[in-house]
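*Asks:* Under this note's numbering, the first residue of the sequence shown carries the number 68, and numbering increases by one thereafter.
Quick reminder that beta carbons are idealized off the backbone N, C-alpha and C, glycines included.
Got a structure for you, questions after.
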Amino acid sequence: MSQRRIQVGRLGERLAARRLERDGYRVIERNYRTREGEIDLIAARDSTLVFCEVKTLVARSAPGRGPSYALESVGAAKRAQVRRLAKAWLAERSAAGTAPRCRNARFDAIGVLLSPGGKLLRLDHVEAAF
Numbered sequence: 068m069s070q071r072r073i074q075v076g077r078l079g080e081r082l083a084a085r086r087l088e089r090d091g092y093r094v095i096e097r098n099y100r101t102r103e104g105e106i107d108l109i110a111a112r113d114s115t116l117v118f119c120e121v122k123t124l125v126a127r128s129a130p131g132r133g134p135s136y137a138l139e140s141v142g143a144a145k146r147a148q149v150r151r152l153a154k155a156w157l158a159e160r161s162a163a164g165t166a167p168r169c170r171n172a173r174f175d176a177i178g179v180l181l182s183p184g185g186k187l188l189r190l191d192h193v194e195a196a197f
């Protein structure tokens with residue numbers, strides 16, 4: 068993966084985390100990784116634990132080159148992967164006695180669209196996206 072792409076993804080995750088915090092969520096963990104993959108953000112609000120997939124795109128001047136809406140790229144395989152990783156995270160935290168006390172869990176998707184210069188153009192937070 069190119070350094071530019073990593074930077075764009077991390078910027079999108081920072082912007083998504085700020086939005087969640089502004090909307091009353093508490094970000095519990097960022098970039099939880101196992102050898103199977105990564106959950107971008109794990110947050111909680113009230114009694115709900117939220118596993119978030121963040122997709123960031125840079126707006127392109129030429130139409131038809133890649134997805135035009137960031138969340139189009141959260142396909143079935145990615146959704147299944149995030150669910151498996153969430154189970155692993157919960158099992159790990161429960162075994163350590165550090166799991167948050169939440170009655171509900173949810174899978175959200177956050178799409179971030181940036182200008183070529185890195186300015187935020189649009190941020191869409193879809194609750195219970197999958």
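Note the first and the last residue of the continuous beta strand (DSSP E) segment covering glycine 178.
*Replies:* Position 111 of the sequence shown, counted from the first residue, corresponds to residue 178. Run containing glycine 178: 171 to 181, per the beta strand (DSSP E) assignment.
*Asks:* So for valine 141, helix, strand or coil by DSSP?
*Replies:* Residue mapping note: residue 141 aligns to position 74 of the sequence shown, counting from 1. Looking at valine 141 - three-state DSSP - the assignment turns out to be coil, as it is neither helix nor strand.
*Asks:* Taking the Cβ atom as the reference point for each residue, do tyrosine 99 and arginine 112 lie within a distance shorter than 8 angstroms?
*Replies:* Locating residue 99 in the sequence shown gives position 32, where the first residue counts as 1. Locating residue 112 in the sequence shown gives position 45, where the first residue counts as 1. No. Outside cutoff.
*Asks:* Report, in whole angstroms, the separation of the C-beta atoms of arginine 160 and alanine 166, which I expect to be a contact under 8 angstroms.
*Replies:* As a first step, residue 160 must be located in the sequence shown, where it is residue number 93. As a first step, residue 166 must be located in the sequence shown, where it is residue number 99. Indeed they touch by this definition, with Cβ atoms about 4 angstroms apart.
*Asks:* Looking at leucine 190 and arginine 81, is the spacing between their C-beta atoms short of 8 angstroms?
*Replies:* For this step, residue 81 is matched to residue 14 along the sequence shown. For this step, residue 190 is matched to residue 123 along the sequence shown. Not a contact, by the Cβ cut-off of 8 angstroms.
*Asks:* Give every residue of the same chain whose Cβ lies closer than 6 angstroms to the Cβ of arginine 173, excluding the five residues on either side of it in the sequence, and list them in chain order.
*Replies:* For the purposes of this step, residue 173 is taken as residue 106 along the sequence shown, with counting starting at 1. Closer than 6 angstroms at Cβ, skipping near neighbours: Thr115, Val117, Ala195.
*Asks:* Keeping to the same chain, check which residues put their C-beta closer than 7 angstroms to that of glycine 76; ignore five residues upstream and five downstream.
*Replies:* Start at 1 with the first residue of the sequence shown, and residue 76 comes out as number 9. Once the five neighbours on either side are set aside, the close Cβ partners of glycine 76 are Thr123.
*Asks:* Got a sec, what are the start and stop residues for the alpha helix (DSSP H) alanine 84 sits in?
*Replies:* Position 17 of the sequence shown, counted from the start, is the residue given in the question as residue 84. Here the alpha helix (DSSP H) through alanine 84 covers 70 to 89.
*Asks:* If alanine 126 sits next to serine 69, beta carbons under 8 angstroms apart, how far is it from one beta carbon to the other, in whole angstroms?
*Replies:* Residue 126 sits at position 59 when you count from the first residue of the sequence shown. Residue 69 sits at position 2 when you count from the first residue of the sequence shown. Not confirmed; about 18 angstroms, so no contact.
*Asks:* Counting along the chain, where does the beta strand (DSSP E) carrying threonine 123 start and finish?
*Replies:* Working through the sequence shown from its first residue, we reach residue 123 at position 56. Residues 115 to 125.
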